[in-house]
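Asker: Before I ask anything, here is the structure I am working with.
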Amino acid sequence: MASGDNTNQVRSSGGAGGRLGRLAGAGMEFISDRKKLGHFLKAVIVLILIGIAAYFFYYKSVYGKASFIISDSEITSADEGLSKTEFKAGEKLYFMISRYKKQLDAGVFIIKIEVFKDTDYAHYKQISYEINRDFQKISCYIPDEYFKLPGKYRVRAYLDNESVAIKDFEVK
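Each residue of the sequence shown is one higher than the last, beginning at 536 in my numbering.
Here's what the structure looks like:
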């Protein structure tokens, strides 16, 4: 029992045992700080991964999409305005297609024109263009002979046989 009393006396005297307790407490604080740092780094990594995923989701949703404008006057820039939805019979229709990225990146551009018959759209005409992959845009017109009759029409734009845009309009 006497040796037990000596141990108690050493601890309570503030000697080496007190210093060990303080060092152990500092070590626990260090370990706690490391855990906090580890949690912080994990949170940063998760946020970075979420940011990368959001970027790729946005990029994937925009990649390959096209800006397709139809108008009754010549179009030189995608910023010139919105597509019209009504035209006069026998009028030339001008169109412009560009991608939301820099190049069209296609070898063939096809316009399929459909006319509304009875209850659905049916194939009417098709125009094909062989293009260079590095073209920024295509701007041209559809002959007025294609739209002599009033009615509802649909134009589908294809780049390398992949549908990239659809526009419905009416000829009066």
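Every residue gets a Cβ at the ideal spot worked out from N, C-alpha and C, and that includes glycine.
Return the Cβ separation of Gln641 and Asp695 in integer angstroms, given the expectation that the two are a contact with Cβ distance under 8 Å.
Answerer: Against the sequence shown, residue 641 aligns to sequence position 106. Against the sequence shown, residue 695 aligns to sequence position 160. The sequence as given places Ala at residue 641; Gln does not occur at that position. The Cβ separation is near 4 Å, so the contact holds.
Asker: For my contact list, Ile662 and Ile646 are in at a C-beta cut-off of 8 Å; report their separation, rounded to the angstrom.
Answerer: Numbered from 1 along the sequence shown, position 127 holds the residue referred to as residue 662. Numbered from 1 along the sequence shown, position 111 holds the residue referred to as residue 646. With a Cβ gap of about 5 Å, Ile662 and Ile646 count as contacting.
Asker: What did DSSP end up calling Arg546 once you bin it into helix, strand or coil?
Answerer: Counted from its first residue, the sequence shown places residue 546 at position 11. Confidence at Arg546 is low in this model, with a pLDDT of 48, below 50, so the placement of that residue should be treated as unreliable; the coordinate-derived value is given next. Helix at Arg546.
Asker: Determine the direct distance from the alpha carbon of Lys571 to that of Phe578, and round the result to whole angstroms.
Answerer: Position 43 of the sequence shown, counted from the first residue, corresponds to residue 578. Position 36 of the sequence shown, counted from the first residue, corresponds to residue 571. Phe is not the amino acid found at residue 578; the sequence shown has Ala there. Ala578 and Lys571: Cα-Cα distance of roughly 10 Å.
Asker: Can you tell which of Ser698, Ser608, Phe591 has its C-alpha closest to the C-alpha of Met631?
Answerer: In the sequence shown, the residue the question calls residue 631 occupies position 96. Closest by alpha carbon: Ser608.
Asker: To the nearest angstrom, how far is the alpha carbon of Gly625 from that of Gln638?
Answerer: Within the sequence shown, residue 625 is the residue found at index 90, counting from 1. Within the sequence shown, residue 638 is the residue found at index 103, counting from 1. So the two alpha carbons sit approximately 32 Å from each other.
Asker: State buried or exposed for Leu628, treating a residue as buried only when at least 16 other CB atoms are found within 10 Å of its CB.
Answerer: Numbered from 1 along the sequence shown, position 93 holds the residue referred to as residue 628. By the 10 Å Cβ count, Leu628 comes out buried.
Asker: Suppose contacts are defined by Cβ-Cβ distances below 8 Å. Is Tyr656 in contact with Glu649 by that definition?
Answerer: One-based indexing of the sequence shown puts residue 656 at position 121. One-based indexing of the sequence shown puts residue 649 at position 114. Yes; because the gap between Cβ atoms is below 8 Å, this pair is in contact.
Asker: I'd like the span of the beta strand (DSSP E) that includes Ser698, first residue to last.
Answerer: Stepping through the sequence shown from its first residue, residue 698 is reached at position 163. Here the beta strand (DSSP E) through Ser698 covers 697-706.
Asker: Looking at Ala601: is its Cβ nearer than 8 Å to the Cβ of Arg569?
Answerer: The residue labelled residue 601 in the question sits at position 66 within the sequence shown. The residue labelled residue 569 in the question sits at position 34 within the sequence shown. Their beta carbons are not under 8 Å apart, which means Ala601 does not touch Arg569 by this criterion.
Asker: Apart from the five residues just before and just after Ala692, which ones in its own chain have a Cβ nearer than 7 Å to its Cβ?
Answerer: Locating residue 692 in the sequence shown gives position 157, where the first residue counts as 1. Taken in chain order, the residues that qualify are Ala601, Phe603, Ile632, Ile646, Val699, Ala700.
Asker: If you drop the 5 nearest sequence neighbours on each side, which residues of the same chain put their C-beta closer than 8 Å to that of Ile605?
Answerer: Position 70 of the sequence shown, counting from 1, holds the residue named residue 605. Excluding positions up to five away in sequence, the list reads Ser618, Lys619, Leu628, Tyr629, Phe630, Val690, Lys702, Phe704.
Asker: If you measure between the beta carbons of Tyr681 and Lys660, is that distance less than 8 Å?
Answerer: Numbered from its first residue, the sequence shown carries residue 681 at position 146. Numbered from its first residue, the sequence shown carries residue 660 at position 125. Cβ atoms of Tyr681 and Lys660: closer than 8 Å.
Asker: If you draw a straight line from the alpha carbon of Tyr688 to that of Ile583, how long is it in whole angstroms?
Answerer: What you label residue 688 is simply residue 153 of the sequence shown in a count that begins at 1. What you label residue 583 is simply residue 48 of the sequence shown in a count that begins at 1. Computed Cα separation, rounded: 47 Å.
Asker: Would you list the one or two residues that DSSP bridges to Gly686?
Answerer: The sequence position of residue 686 within the sequence shown is 151, counting from 1. Per DSSP, Val706.
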